[in-house]
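Residue numbers (my numbering): 103 to 271.
Written out below as structure tokens is the structure these notes cover.
Take a look at the structure:
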């Protein structure tokens, strides 16, 4: 790595040499955003002109884990079911607009940023698609404008068992 500097709430890493091409040394970079998301690429057209190449870079340099799959998790403890909450949730799913309901709930704790909130809901929903790890939301902007609060507020609507690897402030 050549240099490291702050970048929009995260860190920009300027790489000493391009890991994508032997034709040049300069132009390669990686960004780790404040939310943990990573973007890597190179400015040269021969490397895609800034196209996201993090997955390729990660596969090339990360050690492979050849260990067997971990044993299955033990069954979850039985929690008494709150039928009122379940019935209300089913009513929203059957008779209402779930997206509108989540956005109304979001608006109780956070004013504005409805577009970001909508993207976050779609990202959560996309995690149930079998052949994908979901959509990833990357939000940029000036410090102090409510980005972190937007994420934390929306995550309050998500059950804890759906928040694998998420750090709440």
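No residue lacks a Cβ here, since even glycine has one placed at the ideal position from N, Cα and C.
Minimum C-alpha distance to residue i - residue among the options
i	options	result
residue 252	205, 232, 228 and 133	205
residue 123	147, 193 and 107	147
residue 134	127, 113 and 119	113
residue 223	258, 197, 189 and 140	258
residue 108	199, 244 and 226	244
residue 239	227, 126, 190 and 189	227
residue 145	125, 162, 157 and 161	125
residue 260	197, 191 and 150	191
residue 221	183, 232 and 201	201
C-beta contact flag for residue i and residue j at 7 Å
i	j	result
residue 111	residue 129	no
residue 138	residue 155	no
residue 80	residue 213	Missing from the structure shown is residue 80; the chain here goes from 103 to 271 and no further.
residue 256	residue 210	no
residue 131	residue 116	yes
residue 106	residue 118	no
Same chain, Cβ closer than 7 Å to residue i, neighbours up to 5 away in sequence not counted
i	result
residue 164	none
residue 241	218 and 249
Those residues which DSSP pairs with residue i across a bridge
i	result
residue 106	115
residue 132	115 and 142
Same chain, Cβ closer than 8 Å to residue i, five either side skipped, listed in chain order
i	result
residue 248	212, 214 and 215
residue 186	none
residue 159	121, 122, 132 and 142
residue 225	236, 237, 238 and 239
Contact set for residue i: own chain, Cβ-Cβ below 6 Å, skip 5 residues either direction
i	result
residue 149	122 and 123
Going residue by residue through the region 219–263, where are the continuous alpha helix (DSSP H) segments of at least 4 residues, counting only ones entirely within it? Counting only runs of 4+ residues, the alpha helix (DSSP H) found wholly inside the region 219–263 occupies 249–257, in chain order.
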